[in-house]
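Numbering (full-length UniProt numbering), first residue to last: 1 to 447. Even glycine gets a Cβ: it sits at the ideal position worked out from N, Cα and C. To keep things clear, I will list the structure first and then write my remarks on it.
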Amino acid sequence: MTNHALLAIDAIEGAPVLPGHEVLIVDEAHELVSRVTGVATGELNPGGVGRAVRRAAKIVDEKAADAMLTASETFERLMETAEPGRLTELPEDLAYALVALRDAARTVITVLGATRDSSLSDEDAVRKQALASVEHVHEVAERLVESSEFDVIWCERHDRYGSSLRVAPLSVSGLLREKLFTERSVVLTSATLKLGGDFNGVGASLGLAPEGAHGEDSPEWRGLDVGSPFDYPKQGILYVAKHLATPGREGSRGDMLDELAELIEAAGGRTLGLFSSMRAAQAAAEELRGRLETPILLQGEETLGELIRAFAEDAPTCLFGTLSLWQGVDVPGPSCQLVVMDRIPFPRPDDPLLSARQKAVEEAGGNGFMAVAATHAALLMAQGAGRLVRATGDRGVVAVLDPRLAKARYGGFLRSSMPDFWTTTDRNQVRRSLAAIDAAARNAAAS
1 MTNHALLAID AIEGAPVLPG HEVLIVDEAH ELVSRVTGVA TGELNPGGVG RAVRRAAKIV
61 DEKAADAMLT ASETFERLME TAEPGRLTEL PEDLAYALVA LRDAARTVIT VLGATRDSSL
121 SDEDAVRKQA LASVEHVHEV AERLVESSEF DVIWCERHDR YGSSLRVAPL SVSGLLREKL
181 FTERSVVLTS ATLKLGGDFN GVGASLGLAP EGAHGEDSPE WRGLDVGSPF DYPKQGILYV
241 AKHLATPGRE GSRGDMLDEL AELIEAAGGR TLGLFSSMRA AQAAAEELRG RLETPILLQG
301 EETLGELIRA FAEDAPTCLF GTLSLWQGVD VPGPSCQLVV MDRIPFPRPD DPLLSARQKA
361 VEEAGGNGFM AVAATHAALL MAQGAGRLVR ATGDRGVVAV LDPRLAKARY GGFLRSSMPD
421 FWTTTDRNQV RRSLAAIDAA ARNAAAS
């Protein structure tokens, strides 16, 4: 038994981390690409570099420490003015700073390797910690300087942590295909591997040719839908608010909040609000707390575990949040009878890695939007909609307050990726259904 991260390390490092095995079973396999990408992503920021310098300075000679300190100070100064976004080419001054940092780190590594004294366990532990920190700086700096066409480099800025440079593989499909799928039998399991009606979308992200079209570079594979224990058409309704304006257009936010308030009132609370951004969740909570008597919990105001527990224990309560709630809430029973998505969760247009992957698909002659953006959204919507029905007795509504799900050409792909709920755009019918479900839950609680 292991996790996705160790599995990725075993594949990436080349040296065996896991014991030998002939069969690999990967649960929650819809997360495999993102987990492997995360392990293969390097990050360099002034805070981390500074810690590495301080650790090394306690052990190495003054000359080596000063060289790395000078390089780190130059890097920190340049990062203070670095603009966030993708870097298709490193600015000249930043490239020079990274070269200096890499070379200084290499010198420190050489010195640290020569100063080991295994007879002093405490000193050895400090040396190992310093060596690991400096090796990380060297490895990432070297990767950034090399600027491979197979890597994507970008700058991020955080309010708390400042700016950082990140580098990630443009694709992990080749790595997965070569290191996982060609060396053993693999079983991938998840409730959301089938997107748009087949397994080919997820298969492509894993480096597999379309089902039935395997060749020398892609092992043979077969997709199997084993069904669900739930009767989705009878247990749930998918409501698409077709009458609303497309998100982002004038007046769309006010209309969306009005619709959300009406749905929550009809449901008697019992609502999980899944928002595409934390800012949207906060704005909705602030607005509706002033309009509704229903208690509204907001992600970030307490720990996630405490919020989910409070949501589950008090049926009239609502819980609003973002990505962690799309995939991490399991609340069977009457506390969650309405799941609302404020909009289709496409990746941000300025997401450096996903936009680079989308462009790469297009340059190869494919449909980048469907392969990357739509698949990303479909996976999240399938996961989010799955929060509604967690037991055979659950009933409720998934409401998507984005008319594009009904009107856009890609809407069918997204809908077919979600559970097979009965679908409608009739707002009055949905309000009546929610009121009836709420009444039944109240009667059951009173009896």
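Identity of the residues DSSP links to residue i by a beta bridge
| i | result |
| --- | --- |
| residue 166 | 43, 154 |
| residue 396 | 236 |
| residue 24 | 186 |
| residue 296 | 318 |
| residue 85 | 155 |
Selected residue, minimal CA-CA separation from residue i, among the options
| i | options | result |
| --- | --- | --- |
| residue 424 | 11, 57, 236 | 236 |
| residue 224 | 109, 432, 190, 206 | 190 |
| residue 409 | 383, 370, 418, 388 | 370 |
| residue 156 | 333, 108, 87, 201 | 87 |
| residue 72 | 406, 57, 83 | 57 |
| residue 100 | 126, 89, 111, 68 | 68 |
| residue 295 | 372, 277, 305, 265 | 265 |
| residue 430 | 277, 312, 50, 239 | 239 |
| residue 260 | 196, 288, 22 | 288 |
| residue 66 | 79, 107, 38, 205 | 107 |
| residue 38 | 12, 17, 26, 252 | 12 |
| residue 228 | 407, 392, 34, 6 | 392 |
Classification of residue i by the beta-carbon crowding that lies within 10 angstroms, buried from 16 upward
| i | result |
| --- | --- |
| residue 75 | buried |
| residue 438 | buried |
| residue 344 | buried |
| residue 104 | buried |
| residue 418 | buried |
| residue 118 | Since pLDDT at residue 118 reaches only 48, below the 50 mark, its modelled position is unreliable, and the value read off the structure follows with that caveat. Under this definition residue 118 is an exposed residue. |
| residue 30 | buried |
| residue 45 | buried |
| residue 160 | exposed |
| residue 335 | buried |
| residue 120 | In this prediction, residue 120 has a pLDDT of 43, which is less than 50 and means its spatial position is unreliable; what the coordinates show is noted afterwards. The residue in question, residue 120, is exposed, as its Cβ has fewer than 16 Cβ neighbours within 10 Å. |
Segment limits, beta strand (DSSP E) that includes residue i
| i | result |
| --- | --- |
| residue 185 | 185-188 |
| residue 422 | 422-424 |
| residue 430 | Unbroken run through residue 430 is the alpha helix (DSSP H), 427-446; no beta strand (DSSP E). |
| residue 202 | Where residue 202 is concerned, there is no enclosing beta strand (DSSP E), although the alpha helix (DSSP H) it sits in stretches over 200-205. |
| residue 321 | 318-321 |
| residue 340 | 338-341 |
| residue 271 | 271-274 |
Residue i - containing alpha helix (DSSP H), residue span
| i | result |
| --- | --- |
| residue 381 | 375-385 |
| residue 353 | 352-363 |
| residue 308 | 304-313 |
| residue 194 | No alpha helix (DSSP H) contains residue 194, which DSSP labels as neither H nor E. |
| residue 30 | Note, residue 30: premise wrong, no alpha helix (DSSP H); not H, not E. |
| residue 258 | 252-267 |
| residue 79 | 62-80 |
Cβ distance (whole Å) where residue i is taken to contact residue j below 8 angstroms
| i | j | result |
| --- | --- | --- |
| residue 144 | residue 180 | With 8 angstroms as the limit, residue 144 and residue 180 do not qualify as a contact, their Cβ atoms being about 27 angstroms apart. |
| residue 411 | residue 341 | 13 angstroms between Cβ atoms; not a contact. |
| residue 434 | residue 263 | 7 angstroms |
| residue 182 | residue 382 | The Cβ separation is near 28 angstroms, so there is no contact. |
| residue 374 | residue 401 | Wrong, their Cβ atoms sit about 19 angstroms apart, outside the cutoff. |
The ligand GDP heavy atom lying under 7 angstroms from the CB of residue i
| i | result |
| --- | --- |
| residue 169 | Looking for the ligand GDP in the displayed structure turns up nothing, as the structure carries no ligands at all. |
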